[in-house]
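Residue numbers (my numbering): 3 to 374.
Here the structure comes first, spelled out in structure tokens, and everything after it is commentary.
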Amino acid sequence: MRTVARAALSAIVFAVAAFPAKLSLAQPVALSDEEVIARTMAVIDWAMDREGAVGLSVALARGGDVLVEEGAGIADLEFGIPADHETAFRIGSLTKQFTAAAIMKLVEQDKLSLDSDISDYLPTFDKGQREITIRQLLNHTSGVPSYTSQPEFFPKGSPLDLTHDELLEFVKGVSFDFEPGKGWNYSNTGYYLLGMIIEAAGERPYPSYVDEELFEPLGLTRTFYGSERTVIPNRAQGYDFDQATGTYFNDALISMNTPGAAGALTASAGDLVRWTIALTGGRAVEPESYEEMITSTVETGQGSARYGFGLMIDEANGVRRISHTGGIPGFNSILATLPDADVHLAVISNSSALSSGVVVGSIVRALRLSVP
Numbered sequence: 003m004r005t006v007a008r009a010a011l012s013a014i015v016f017a018v019a020a021f022p023a024k025l026s027l028a029q030p031v032a033l034s035d036e037e038v039i040a041r042t043m044a045v046i047d048w049a050m051d052r053e054g055a056v057g058l059s060v061a062l063a064r065g066g067d068v069l070v071e072e073g074a075g076i077a078d079l080e081f082g083i084p085a086d087h088e089t090a091f092r093i094g095s096l097t098k099q100f101t102a103a104a105i106m107k108l109v110e111q112d113k114l115s116l117d118s119d120i121s122d123y124l125p126t127f128d129k130g131q132r133e134i135t136i137r138q139l140l141n142h143t144s145g146v147p148s149y150t151s152q153p154e155f156f157p158k159g160s161p162l163d164l165t166h167d168e169l170l171e172f173v174k175g176v177s178f179d180f181e182p183g184k185g186w187n188y189s190n191t192g193y194y195l196l197g198m199i200i201e202a203a204g205e206r207p208y209p210s211y212v213d214e215e216l217f218e219p220l221g222l223t224r225t226f227y228g229s230e231r232t233v234i235p236n237r238a239q240g241y242d243f244d245q246a247t248g249t250y251f252n253d254a255l256i257s258m259n260t261p262g263a264a265g266a267l268t269a270s271a272g273d274l275v276r277w278t279i280a281l282t283g284g285r286a287v288e289p290e291s292y293e294e295m296i297t298s299t300v301e302t303g304q305g306s307a308r309y310g311f312g313l314m315i316d317e318a319n320g321v322r323r324i325s326h327t328g329g330i331p332g333f334n335s336i337l338a339t340l341p342d343a344d345v346h347l348a349v350i351s352n353s354s355a356l357s358s359g360v361v362v363g364s365i366v367r368a369l370r371l372s373v374p
């Protein structure tokens, strides 16, 4: 593995493209490892010069080798602590692929079935007479409404340190988006419930399960359940930016018990890239399980994008992209695999003003993985 300090490389200006939008991808032009590193680091320098930027965590791997693992900018403005390659950032909904992988581990251990009714594990969840399967929670076809879409769920200034019972009571009175299996709608509630299923089938708390079954075996030493009560060394803080006044603010406080298995993890970009290398390489879950995660997909109504288990799969000009974005107060992130180029890329920002999508899109173009 090679990691390079950003100060050692000069800046190059590249075109900007938001990664979540369609990119016109071409067969990648062969670049040396040194060129890949230099171009990626130049984009990081460019990004940190943008208005409102605070800190970044960026990692890139090609062919299973981590070429770039970098922290840039500031992790904590109040104390002036710089971000480095070990700084842990909140990753929001990137958590979902870890949750999906944990479910697949339990399937491998014959502790649950994807097509089991969730009542087998969540007897107190009020779903009326509907049959909802674990598979439907995984690919957002359950119809269970997302609690984060309910305006009354976020009283101003509340950290919302909820218990499982309190969340179940809240969603009890909310109408389903559609009957199970009859549509698609992104649901944080669904993944929160998957965390409860992991606890029931795995016979331990969700944080313990993912730590013992995923993080530790894979050597992910900078990936954590991001509880605000846990001391996590070198943890970044999240910020909002008022463009009109040029002022930074600490972003809204929210207990990580609220997103839970839908969005509570904290990680470095380097760990995220190591994670996706392990996931795609059959070390996080069995190869058959990963194949299920990316082929048991449904249409999302967003162009060619299809949603699997914690992962979005789409194509541009015949080139596949397997990715997910994450957003949680003060942070935004992307983790992407471009299988045809054998590239894995993770970017996390701790400022609302600096989009991880813009950074990823710029890196993709800089590495000639797309055409202008």
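By construction, the Cβ of each residue, glycine as well, lies at the ideal position given by its N, Cα and C atoms.
None of these values were measured; they are calculated from a predicted model.
What do you get for residue 147, buried or exposed, if any count of 16 or more other CB atoms within 10 angstroms of its CB means buried?
buried
Quick check on residue 246: buried or exposed, where buried means 16 or more other Cβ atoms within 10 Å of its Cβ?
exposed
From which residue to which residue does the alpha helix (DSSP H) around residue 281 run?
271-282
Contact defined as beta carbons within less than 8 Å: I believe residue 268 pairs with residue 237. What is the distance between those atoms, to the nearest angstrom?
The Cβ separation is near 7 Å, so the contact holds.
Quick check on the burial criterion: 16 or more other C-beta atoms within 10 angstroms. Buried or exposed for residue 261?
buried
Take residue 141 as the anchor and find which of 371, 365, 298, 334 has the nearest alpha-carbon.
298
Strand pairing of residue 122, partner residues [DSSP]:
Beta-bridge pairing links residue 122 to no other residue.
Taking only runs that begin and end inside the stretch 191-225, name each unbroken alpha helix (DSSP H) of 4 or more residues, in chain order.
Restricted to the stretch 191-225, the alpha helix (DSSP H) segments that are unbroken, complete and at least 4 residues in length are 208-212, listed in chain order.
Can you give me the C-alpha to C-alpha distance between residue 69 and residue 366, rounded to a whole angstrom?
Each residue's CA atom was taken as its position, placing residue 69 and residue 366 some 15 Å apart.
From the DSSP output, which residues share a beta bridge with residue 333?
Bridge pairing for residue 333: 330 [DSSP].
DSSP beta-bridge partners for residue 57?
Paired residue(s): 75.
Run of the beta strand (DSSP E) containing residue 244, from where it starts to where it stops
241-244
In the DSSP assignment, what are the bridge partners of residue 314?
For residue 314, the beta-bridge partners assigned by DSSP are 309, 325.
In the structure shown, what three-state DSSP assignment does residue 90 receive?
Of the three classes helix, strand and coil, the one that applies to residue 90 here is strand, per DSSP.
Check residue 346 in the structure and name its three-state DSSP category.
strand
Out of 61, 107, 75, point me to the one whose CA is closest to residue 291's CA.
107
Taking contact to mean 3 or more Cβ pairs, one atom from each stretch, closer than 8 Å, check whether the stretch 353-369 and the stretch 276-285 are in contact.
no
Cα-Cα separation between residue 322 and residue 81, rounded to whole angstroms:
When rounded, the separation of the alpha-carbon atoms in residue 322 and residue 81 is 42 Å.
What does residue 68 pair with, by DSSP beta-bridge criteria?
Residue 68 is bridged by DSSP to 63.
On the DSSP bridge list, what partners appear for residue 301?
308
Are there 16 or more other CB atoms within 10 angstroms of the CB of residue 233, so buried, or fewer, so exposed?
Result: exposed.
Just verifying my parser: in three-state terms, what is the DSSP assignment at residue 1?
No information on residue 1 is available, as it lies outside the stretch 3 to 374 that the chain covers here.
Going by C-alpha distance, which of 239, 332, 103 is nearest residue 137?
Nearest C-alpha to residue 137: 103.
Figure out for me which residue from 172, 129, 105, 256 has the closest Cα to the Cα of residue 215.
The shortest C-alpha to C-alpha distance from residue 215 to any of 172, 129, 105, 256 is the one to 105.
DSSP three-state label for residue 149, please.
helix
Kindly list the residues whose CB is nearer than 6 Å to the CB of residue 133, restricted to its own chain and excluding five residues on each side of it in sequence; keep chain order.
119
Taking only three categories from DSSP, how would you classify residue 95?
helix
Applying the criterion that 16 or more other CB atoms from any shown protein chain within 10 Å of the CB defines a buried residue, is residue 32 buried or exposed?
By the neighbour-count criterion, in which 16 or more other beta carbons inside 10 Å mark a residue as buried, residue 32 falls on the exposed side.
Since residue 149 and residue 187 should fall inside the 8 Å C-beta cutoff, what is the C-beta to C-beta distance between them, to a whole number of angstroms?
Not a contact, Cβ separation roughly 13 Å.
Residue 143: first and last residue of the uninterrupted alpha helix (DSSP H) it sits in:
Note, residue 143: premise wrong, no alpha helix (DSSP H); not H, not E.
Could you work out which residue in 152, 197, 264 is closest to residue 95 when comparing CA atoms only?
264
Give the C-beta separation of residue 58 and residue 347 to the nearest angstrom, bearing in mind that I take them to be a contact with Cβ-Cβ under 8 Å.
With 8 Å as the limit, residue 58 and residue 347 do not qualify as a contact, their Cβ atoms being about 13 Å apart.
Cα-Cα separation between residue 204 and residue 306, rounded to whole angstroms
35 Å
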